[in-house]
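Those protein sequence lines, which keep their order, are chains A and B.
Each residue of the first sequence is one higher than the one before, starting from 186 at the first, in the numbering used here.
Each residue of the second sequence is one higher than the one before, starting from 63 at the first, in the numbering used here.
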Amino acid sequence: MSERENIIGRIREALAVIASVPGRHAPESKAHFAGGPAESRLPKTSDHRRVMPAAGAMPEEQLVLLRKNAADLRADFKLVQNLQELAGELKQLAVKEGWQRAASHRGELTSAAAQALGLPVLFTENSFDKRELARCDVGLSECDALVAQTGTVVVTNQSAGGRALSILPPHHVVLARRRQIVADLPAALELIKQKYAGNYPSMISLITGPSRTGDIERILVLGAHGPKRLTIFCCEG
Amino acid sequence: MSAPAVQFKQDATRLSADLRHRRIIQTAMGKYETVRDQRKAAFQNWEEARQLAAITKWEAINHLDAYLEQLVSKLESRGTKVHWATTARQARDTILGVLRAAKARVIVKSKAMTAEEIHLNQALEQAGFEVVESDLGEFIVQLREEPPYHIVFPAMHLTRDEIKEVFDRKLGDAPSNDPEQLTMVARRVLREKYLQADAGITGANFAIAETGMISITENEGNARLTSALPRVMITLIGIEKVLPRLEDLALFLPMLAAMGTGQTVTCYNTLYGGPRQPGEPDGPEEYHVVLLDNHRTSLLADPEQRDSLHCIRCGACLNVCPIFRNVGGHTYGTTYCGPIGAVITPNLRGLNEWQHLSYASSLCGACTETCPVKIDLHHHLLQNRRNGSRQKPSWWQKLAFKMFAPIATKPTLWSLVTKLGRFGQKLHGLVKGSYLDPAYAWTRTRELPPIARQTFKEWWRTRS
Numbered sequence: 186m187s188e189r190e191n192i193i194g195r196i197r198e199a200l201a202v203i204a205s206v207p208g209r210h211a212p213e214s215k216a217h218f219a220g221g222p223a224e225s226r227l228p229k230t231s232d233h234r235r236v237m238p239a240a241g242a243m244p245e246e247q248l249v250l251l252r253k254n255a256a257d258l259r260a261d262f263k264l265v266q267n268l269q270e271l272a273g274e275l276k277q278l279a280v281k282e283g284w285q286r287a288a289s290h291r292g293e294l295t296s297a298a299a300q301a302l303g304l305p306v307l308f309t310e311n312s313f314d315k316r317e318l319a320r321c322d323v324g325l326s327e328c329d330a331l332v333a334q335t336g337t338v339v340v341t342n343q344s345a346g347g348r349a350l351s352i353l354p355p356h357h358v359v360l361a362r363r364r365q366i367v368a369d370l371p372a373a374l375e376l377i378k379q380k381y382a383g384n385y386p387s388m389i390s391l392i393t394g395p396s397r398t399g400d401i402e403r404i405l406v407l408g409a410h411g412p413k414r415l416t417i418f419c420c421e422g
Numbered sequence: 063m064s065a066p067a068v069q070f071k072q073d074a075t076r077l078s079a080d081l082r083h084r085r086i087i088q089t090a091m092g093k094y095e096t097v098r099d100q101r102k103a104a105f106q107n108w109e110e111a112r113q114l115a116a117i118t119k120w121e122a123i124n125h126l127d128a129y130l131e132q133l134v135s136k137l138e139s140r141g142t143k144v145h146w147a148t149t150a151r152q153a154r155d156t157i158l159g160v161l162r163a164a165k166a167r168v169i170v171k172s173k174a175m176t177a178e179e180i181h182l183n184q185a186l187e188q189a190g191f192e193v194v195e196s197d198l199g200e201f202i203v204q205l206r207e208e209p210p211y212h213i214v215f216p217a218m219h220l221t222r223d224e225i226k227e228v229f230d231r232k233l234g235d236a237p238s239n240d241p242e243q244l245t246m247v248a249r250r251v252l253r254e255k256y257l258q259a260d261a262g263i264t265g266a267n268f269a270i271a272e273t274g275m276i277s278i279t280e281n282e283g284n285a286r287l288t289s290a291l292p293r294v295m296i297t298l299i300g301i302e303k304v305l306p307r308l309e310d311l312a313l314f315l316p317m318l319a320a321m322g323t324g325q326t327v328t329c330y331n332t333l334y335g336g337p338r339q340p341g342e343p344d345g346p347e348e349y350h351v352v353l354l355d356n357h358r359t360s361l362l363a364d365p366e367q368r369d370s371l372h373c374i375r376c377g378a379c380l381n382v383c384p385i386f387r388n389v390g391g392h393t394y395g396t397t398y399c400g401p402i403g404a405v406i407t408p409n410l411r412g413l414n415e416w417q418h419l420s421y422a423s424s425l426c427g428a429c430t431e432t433c434p435v436k437i438d439l440h441h442h443l444l445q446n447r448r449n450g451s452r453q454k455p456s457w458w459q460k461l462a463f464k465m466f467a468p469i470a471t472k473p474t475l476w477s478l479v480t481k482l483g484r485f486g487q488k489l490h491g492l493v494k495g496s497y498l499d500p501a502y503a504w505t506r507t508r509e510l511p512p513i514a515r516q517t518f519k520e521w522w523r524t525r526s
């Protein structure tokens, strides 16, 4: 027998006796245990929303919450009116931080921004050199969603130029559209389900603030291994 | 007493009198408690959230066979190689086999308690691989050649000076004892390792059956780098980590973060569904998931304690435990310490050798009250005590109860003995706490309140 069969066999044997459901003292009946689809036993998204930290229902409230969460996380959040303003802000940032090289992927917002920067740009495309990416000062990426409730940026390796672009350079700049703001985590996960419809990217990452650690005396230090800075540009329209 | 019990007693005695150690732990815990309580308060209904989380885990664990099969078929459909390991040895051999086949030499690891459980690092080093821990806390304890102190904060027992000292000694690089500068030293050293590494090994926090994904929670970005740069990625995960659906994460990620570190959600929560897919610009060529049993199925077979498999390893029960806070993590001598470790270790590694951990508790129930998935921890400690004395009754306990029972069931004998007891306590007062005291081991650190001058019955009789 394979190890798989051994382990599954032991699990089935163990589960012949039923454990009581949390919050109830008597063991469940076999009928409840086997009967009905799992969905009927599991909490619904509306249950999750009832207990979790609240997120605003209106877009304006969500924007305010997102700003506040980003500030608490020490991420920079900037709302810009159009691509022109975005390019201007980026150039200012490049001068201020003395960027020499940028990395990006090809997307509607990132391609325009990378061109406007006027710096050598490494595009993370098929078989790029990871050591070259490590030498870049900034990684520009798009995203799938911004989550108001938590200040999270949702990226996948398909939407954001692969796995390394958003984690290896010391500064991660996210370029998003205002319509990409969602209220809460259930909405963000629902969006991922809808968008990829079963054909999921091999990596989905929920990024909440710049990389951090508290491993030395519980003192917060930013930029443990990932980006020291996270900037989110949110473009109206 | 078993060897681990002797060790526990020695270390506990030493550390509970170590004021410096206690100060370090109290400071760290004080900071944690403040942020944890803020995060709990942000929930609209924390108690109901616990109930929902408990029901979700109950569903997953009590239908584990079905969810595991769903998980595995989804993972395999996108090119992940899934391995099953009944024992720690099988898991080690599987991982060594994958690394050899891939001709790997340098390995980066991101934090994995399952790897501690199977002593993976030793096995890899013995086989000639270079292994580097990438989580800062784990990196520090690896340099100090000691096991992690806490399942979430591996280096919480160390001061910045001790960390500076080990960086100086092992890396020859420690500009000061400033936490930021020390972190940057680790960043520089490890950055090069990520780029060199042939393989990355990670643990996991959840496995999503519905979509076939492994979910990893972290703050530093080390797991993200470990799974982005090397050409082979391996995840070692306990079979109990399954959650039914993707949307369950919307509840579990904030709960884990609130109780684990006092955050809204941790910095990176990442789902991995396979190796690099066609059209993706980077990522590992091979992705291996090793599903570890290592006695989890024996815990599953005990319906009374099955809910201890609901554990999401947030460490909240350690943080509130008065015993943990006095004796510290290393004293337990186990991979999983604190109340959850005291519950599961006797079940995973043998009741005879480890049942002393069931007594490392004041039964105050703080662990049960704080657990985000409502594991009935302190009752499980009692059940382990019961199971232990059933399996191997102690002769002096049997003798004590044999003497106690006839006295306690005969009123005349009982009243005689309590009278004698009052007199005896006075005599005992002459030697109490000295080496002449026959109960010295007990009275050295404890006080017995004086027996009342009058029993209830005597008082009843004299009342006018």
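The beta carbon of each residue, even a glycine, is placed where N, CA and C say it ideally should be.
Keep in mind that this is a model prediction, so the values were computed, not measured.
| A/Met243 versus A/Ala361 - alpha carbon distance | Rounded to the nearest angstrom, the two C-alpha atoms are 19 Å apart.
| Segments assigned alpha helix (DSSP H), at least 4 residues, entirely inside the stretch 308 to 333 of chain B | If we require 4 residues or more, the alpha helix (DSSP H) runs fully inside the stretch 308 to 333 of chain B come out as 311 to 322.
| request: Using a cut-off of 9 Å between C-beta atoms, extract the partners of A/Lys315 located in chain B. | output: The answer, in chain order, is Tyr256, Leu257, Ala290, Leu291, Asp344.
| Is B/Gly400 near B/Cys426, with beta carbons less than 8 Å apart? | Remark: C-beta atoms of B/Gly400 and B/Cys426 do not approach each other more closely than 8 Å.
| field | Where the beta strand (DSSP E) through A/Val332 begins and ends | value | Membership of A/Val332 in the beta strand (DSSP E) is indicated by the continuous run 330 to 332.
| Three or more C-beta pairs below 8 Å linking the stretch 256 to 268 of chain B and the stretch 386 to 400 of chain A | In short, these stretches do not touch, since the Cβ pair count stays below three.
| request: Taking the CB atoms as reference points, tell me whether B/Val389 and B/Asp73 lie closer together than 8 Å. | output: The Cβ atoms of B/Val389 and B/Asp73 sit closer than 8 Å to each other.
| Beta-carbon proximity of B/Leu161 to B/Ala261, cut-off 8 Å | Closer than 8 Å, so yes.
| Looking at the C-beta of B/Ser139, does it have a partner C-beta in chain A at a distance below 8 Å? | Chain A, which has no Cβ nearer than 8 Å to the Cβ of B/Ser139, makes this no.
| field | Beta-carbon proximity of B/Thr393 to B/Leu158, cut-off 8 Å | value | No, they are not a contact pair.
| said: Using a Cβ-Cβ distance cut-off of 8 Å, determine whether A/Met388 contacts chain B. | reply: So yes, A/Met388 belongs to the interface.
| request: Say whether chain A places a C-beta atom closer than 8 Å to the C-beta of B/Glu110. | output: Interface residue, yes.
| Which whole-angstrom value is the C-beta distance of A/Leu370 and A/Leu251, which I expect to be below 8 Å? | The C-beta separation of A/Leu370 from A/Leu251 comes to about 13 Å, leaving the pair out of contact by the 8 Å criterion.
| Boundaries of the beta strand (DSSP E) in which B/Trp146 is found, first to last residue | From DSSP, the beta strand (DSSP E) with B/Trp146 extends over 143 to 147.
| field | Residues bridged to A/Ala288 [DSSP beta-bridge criterion] | value | According to the DSSP secondary-structure assignment, A/Ala288 is paired through a beta bridge with A/Leu307, A/Gly324.
| request: Sort A/Gly241, A/Leu248, A/Ile401 by Cα distance to B/His219 and report the nearest one. | output: If we check each option's Cα against that of B/His219, A/Ile401 comes out closest.
| said: When you compare the CB of A/Asp400 with every CB in chain B, is at least one pair closer than 8 Å? | reply: Judged by the 8 Å Cβ criterion, A/Asp400 is in contact with chain B.
| said: If distances are taken between C-alpha atoms only, which option among A/Leu271, A/Lys315, A/Thr416, A/Gly303 comes closest to A/Ala256? | reply: Ranked by Cα distance from A/Ala256, the options A/Leu271, A/Lys315, A/Thr416, A/Gly303 are led by A/Thr416.
| Would A/His233 count as contacting chain B if we go by Cβ distances under 8 Å? | At a cut-off of 8 Å between beta carbons, A/His233 contacts chain B.
| Is any beta-carbon of chain A found at less than 8 Å from that of B/Leu315? | B/Leu315 belongs to the set of residues whose beta carbon lies under 8 Å from a beta carbon in chain A.
| Distance, Cα to Cα, A/Lys263 vs A/Val359? | Each residue's Cα considered, the two are about 10 Å apart.
| query | CB-CB under 6 Å to B/Leu333, same chain, minus the five flanking residues each way: which ones, in chain order? | reply | In the same chain as B/Leu333, and ignoring 5 residues on each side of it, the C-beta atoms closer than 6 Å to its own belong to Met275, Ser277, in chain order.
| task | Assign B/Trp416 to buried or exposed, taking buried as 16 or more other Cβ atoms, counted over all protein chains shown, within 10 Å of its Cβ. | result | It is buried - the Cβ of B/Trp416 has at least 16 other Cβ atoms within 10 Å.
| query | Under 8 Å, do B/Lys171 and B/Ser196 count as touching if we go by C-beta distance? | reply | Result yes, Cβ atoms of B/Lys171 and B/Ser196 sit closer than 8 Å.
| query | Over what stretch of residues does the alpha helix (DSSP H) that includes B/Lys226 continue unbroken? | reply | Element bounds for B/Lys226: 222 to 233.
| A/Met237 to A/Arg226, Cα distance in whole Å? | Taking the straight line from one Cα to the other gives about 19 Å.
| message | Quick check: is the beta carbon of A/Pro228 nearer than 8 Å to any beta carbon in chain B? | response | Interface residue, yes.
| query | Is the Cβ of B/Asp80 closer than 8 Å to any Cβ of chain A? | reply | It does not; no Cβ of chain A falls within 8 Å.
| Beta carbon of A/Arg291, beta carbon of A/Cys321: below 8 Å? | No.
| said: Taking 8 Å as the threshold (C-beta atoms), are B/Thr432 and B/His440 in contact? | reply: Against a cut-off of 8 Å, the Cβ pair of B/Thr432 and B/His440 comes out as no contact.
| query | B/Asp99: buried (16+ other C-beta within 10 angstroms of its C-beta) or exposed? | reply | For B/Asp99, the number of other beta carbons within 10 angstroms of its own is below 16, and it is reported as exposed.
| Going by the C-beta, is B/Leu233 closer than 7 Å to any heavy atom of the ligand ADP? | Ligands in the displayed structure: none, and consequently the ligand ADP is not present.
| task | Ignoring anything shorter than 4 residues or poking outside the stretch 191 to 265 of chain A, list the alpha helix (DSSP H) runs there in chain order. | result | Fully contained in the stretch 191 to 265 of chain A are the following alpha helix (DSSP H) runs of length 4 or more, in chain order: 215 to 219, 223 to 226, 230 to 236, 244 to 257.
| task | Give the residues from the stretch 437 to 455 of chain B that approach chain A closer than 7 Å (Cβ to any Cβ), ordered along the chain. | result | Considering only beta carbons, no part of the stretch 437 to 455 of chain B lies closer than 7 Å to chain A.
| query | Cβ of A/Ile417 less than 8 Å from any chain B Cβ? | reply | Chain B contact via Cβ: absent.
| request: For the beta strand (DSSP E) holding B/Tyr349, just list the boundary residues, first then last. | output: The continuous beta strand (DSSP E) containing B/Tyr349 extends over residues 348 to 354.
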